[in-house]
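*Asks:* Numbering (mature numbering (1 follows the signal peptide of the UniProt record, and there is no 0)), first residue to last: -24 to -1, 1 to 156.
Just so you know, even glycine gets a beta-carbon here, dropped at the ideal spot from N, CA and C.
From a predicted model like this one, the values you see are computed outputs, not experimental measurements.
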């Protein structure tokens, strides 16, 4: 029984590793040899990950892409770490842009920028919407800018008389606690 579970676990891990390898773009020393070789790698990366950039933005993004590729190459070449980096779909995003989009909570910024939708007459949870307990879901595909707390939606869906939670319970992360 234990060997069967071990075999199943190994199969799952190897499947996940294979999927991740398929999503990353391999590159070698020859791809870093010249500016043209790097541009060809960038175009290959864009096609593979279906990244569409406006022509005026491509040069700027290519510069960021070059820096990221060289960083990945140096990291893997030194071999000081037990893991290797791969070129994934974040290849032309710099560190600051990545952190601001995918590694921070900007709930307060979103609430200030967007006008509140008018209340629907007769909506049974009208008080909760006005209090800010039900929020729209944003960018969940990459884990960025998620504006809904799952634990808050569970009582709304399952209880005939939901007990609203305080707003502090709905915020899972605070952007001021993240340091560089």
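DSSP state of residue 61, grouped into three classes?
*Replies:* Note: residue 61 maps to coil in three-state DSSP.
*Asks:* Looking at the secondary structure, which residues open and close the alpha helix (DSSP H) in which residue 28 lies?
*Replies:* That residue, residue 28, is in no alpha helix (DSSP H); it is neither H nor E in DSSP.
*Asks:* Residue 68 and residue 27: beta carbons closer than 8 Å?
*Replies:* yes
*Asks:* Use the C-beta contact count for residue 47: other C-beta atoms within 10 angstroms, 16 or more gives buried, fewer gives exposed.
*Replies:* exposed
*Asks:* So, is residue 41 buried or exposed, given that buried needs 16 or more other C-beta atoms within 10 angstroms?
*Replies:* Classification of residue 41: buried, given that the 10 Å Cβ count is 16 or more.
*Asks:* Can you give me the start and stop residues for the alpha helix (DSSP H) that residue 76 sits inside?
*Replies:* 71 to 78
*Asks:* Would you grab the beta carbon distance between residue 1 and residue 20 for me? Rounded to a whole angstrom, and I think it's under 8 Å.
*Replies:* 7 Å
*Asks:* When you compare only the Cα positions, how much space is there between residue 71 and residue -20?
*Replies:* 40 Å
*Asks:* May I have the straight-line CA-CA distance separating residue 61 from residue 45, to the nearest angstrom?
*Replies:* 10 Å
*Asks:* Using a Cβ-Cβ cutoff of less than 6 Å, which residues in the same chain neighbour residue 14 once the five nearest sequence positions on both sides are dropped?
*Replies:* 42
*Asks:* Going by beta-carbon coordinates alone, are residue 3 and residue 18 separated by less than 8 Å?
*Replies:* Not in contact: residue 3 and residue 18 (Cβ atoms no closer than 8 Å).
*Asks:* Which whole-angstrom value is the C-beta distance of residue 25 and residue 65, which I expect to be below 8 Å?
*Replies:* 4 Å
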